[in-house]
Amino acid sequence: RPVIFSGMQPSSDSLHLGNYLGALVNWVALQDAYDPIYCVVDLHAITVQQDPEALRQNVRRTAAQYLAAGIDLDRSTLFVQSHVPAHAELAWVLGSMTGFGEASRMTQFKDKSAKQGSDATTVGLFTYPVLMAADILLYGTHLVPVGDDQRQHLELTRDLANRFNARYGETMVVPEALIGKESARIYDLQEPTAKMSKSAGSEAGLVKLLDEPSITAKKFRSAVTDTEREIRFDPASKPGISNLLGIYAAVTGKSIDALEREYAGRGYGDLKKELAELVVDTIAPIRARTLELMQDPAELDRLLAIGAEKASDRAERMLRDVYDRVGFVRRG
Ligand code: ATP
Ligand code: MG
Numbered sequence: 005r006p007v008i009f010s011g012m013q014p015s016s017d018s019l020h021l022g023n024y025l026g027a028l029v030n031w032v033a034l035q036d037a038y039d040p041i042y043c044v045v046d047l048h049a050i051t052v053q054q055d056p057e058a059l060r061q062n063v064r065r066t067a068a069q070y071l072a073a074g075i076d077l078d079r080s081t082l083f084v085q086s087h088v089p090a091h092a093e094l095a096w097v098l099g100s101m102t103g104f105g106e107a108s109r110m111t112q113f114k115d116k117s118a119k120q121g122s123d124a125t126t127v128g129l130f131t132y133p134v135l136m137a138a139d140i141l142l143y144g145t146h147l148v149p150v151g152d153d154q155r156q157h158l159e160l161t162r163d164l165a166n167r168f169n170a171r172y173g174e175t176m177v178v179p180e181a182l183i184g185k186e187s188a189r190i191y192d193l194q195e196p197t198a199k200m201s202k203s204a205g206s207e208a209g210l211v212k213l214l215d216e217p218s219i220t221a222k223k224f225r226s227a228v229t230d231t232e233r234e235i236r237f238d239p240a241s242k243p244g245i246s247n248l249l250g251i252y253a254a255v256t257g258k259s260i261d262a263l264e265r266e267y268a269g270r271g272y273g274d275l276k277k278e279l280a281e282l283v284v285d286t287i288a289p290i291r292a293r294t295l296e297l298m299q300d301p302a303e304l305d306r307l308l309a310i311g312a313e314k315a316s317d318r319a320e321r322m323l324r325d326v327y328d329r330v331g332f333v334r335r336g
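Just add 4 to the spot in the sequence shown (first one is 1) and you have the UniProt record's numbering.
This is the structure we're talking about:
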């Protein structure tokens, strides 16, 4: 079975609709045909300052949301990144093979750092894509299901894998992106030209899986649109309505064309109200199950420890091989 690796940052108290429609839905579907490794990437999360108690809580919440959405521990390996030190160790080796200019071209870093200013921007945020490459390459990953915002990082991962192989001999599997056919890229409801994001953007524009249903409905009702009346998919001139149609299509599986026909002659209010109901119906069971799982943190920790054990065995093997090839002396 081809290996799949993917992760999310525990950088917020809830995952959002973009994480769900752009990633988690696919993760669940992939469990039958693949050997999936799903990670809560806490090392990535601290590239932006986190409150320690909140982080601890958010790690468990993120894992609980994976499980609540349908990640099944009989078919998937689920673990926390910091439980497997090989991630940080391989990242150091790969970082020593990454050009400074190469890393400087990553647009996510440019976007995030431009918002923060250079003193609030950490070196960890800069080297984030290298750690991501380590996450993927440690497991001989064949396919990486990521949202389209991660395409460039995956390209870097492939370059690093090829570079390692060319320099030291065949070691790394060169991974491919697995981006869903109509891969949902979900935008902020208040700022529909910016992707919905846990750590950036407005609270009002962020649809959280763990929001109460009434809050979710309100966020849709106040979604930014435009001054026309026509419900038409046109991201350039109608980003707000296009985003709502994109969400609608992702939630229902209907095509955008079909939705345009269905809503011909009807108002924005109808679209927002009906979409809000659909989204609430979709995420309510996930929310309920997550809250239930959070009642028993010791049990969650136990499940995560089993996952860490499985992941460690595989990661350690790759790291030993890498250290040998790079020329490190084995500890006697
Ligand atoms: P942060 O703002 O902390 O970076 P994030 O919202 O970007 O958080 P990540 O943890 O970085 O979330 O990403 C988790 C997964 O969700 C990745 O596969 C990413 O591609 C996907 N994803 C994130 N945001 C969106 C979005 N708006 N639409 C579709 N997929 C998304
Ligand atoms: Mg992100």
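The beta-carbon is built from N, C-alpha and C at its ideal position, and this holds for glycine as well. It should be emphasised that the depicted structure is a prediction, and the values quoted were computed from it without experimental measurement.
7 Å CB neighbourhood of residue i in its chain, flanking five on each side removed
i      : result
Lys314 : Thr81
Lys297 : Note on identity: in this sequence residue 297 is Leu, with Lys being the wrong assignment. Around Leu297: Ala68, Leu71, Ala72 and Leu304.
Asp325 : Thr175
Leu279 : Phe224, Leu248, Ile251 and Tyr252
Glu264 : Ile235, Arg236 and Phe237
Short Cβ contact (8 Å threshold) for residue i with residue j
i      : j      : result
Met101 : Pro133 : no
Val52  : Ser201 : no
Asp39  : Val63  : no
Gly11  : Val44  : yes
Phe130 : Ala312 : no
Residue i CB to nearest heavy atom of the ligand ATP below 7 Å
i      : result
Ala188 : yes
Gly22  : yes
Met136 : no
Val150 : yes
Ser206 : no
Gln120 : no
Gln154 : yes
Gln85  : no
Alpha carbon of residue i to alpha carbon of residue j, nearest angstrom
i      : j      : result
Val29  : Thr286 : 11 Å
Ala302 : Ile251 : 35 Å
Ile235 : Arg5   : 43 Å
Asp76  : Gly269 : 44 Å
Arg225 : Glu207 : 14 Å
Ile245 : Ser117 : 29 Å
Glu93  : Leu135 : 9 Å
Ala292 : Gln299 : 11 Å
Glu57  : Thr66  : 14 Å
Asn23  : Gly336 : 45 Å
Lys119 : Ser108 : 16 Å
Leu21  : Tyr327 : 40 Å
Gly105 : Val88  : 29 Å
Lys114 : Lys242 : 26 Å
Val148 : Ala227 : 32 Å
Arg318 : Val333 : 21 Å
Distance cut-off 7 Å: residue i Cβ against heavy atoms of the ligand MG
i      : result
Ser16  : no
Ser201 : yes
Neighbour flag for residue i against chain B, beta carbons, 8 Å
i      : result
Arg236 : Protein chains in the displayed structure number just one, and chain B is not present.
DSSP bridge partner residues for residue i (one or two, in chain order)
i      : result
Tyr70  : BP columns for Tyr70 are empty, so no partner.
Gly257 : Gly257 is not bridged to any residue.
Pro40  : Ile8
Tyr191 : Lys199
Ala181 : Val148
His20  : Lys212
Phe83  : Cys43
Other residues of its chain near residue i: CB distance less than 8 Å, five sequence neighbours each side excluded
i      : result
Val284 : Pro217, Thr220 and Ala221
Own chain partners of residue i with C-beta closer than 6 Å, once the 5 adjacent residues on each side are dropped
i     : result
Ala95 : Val134, Leu135 and Ala138
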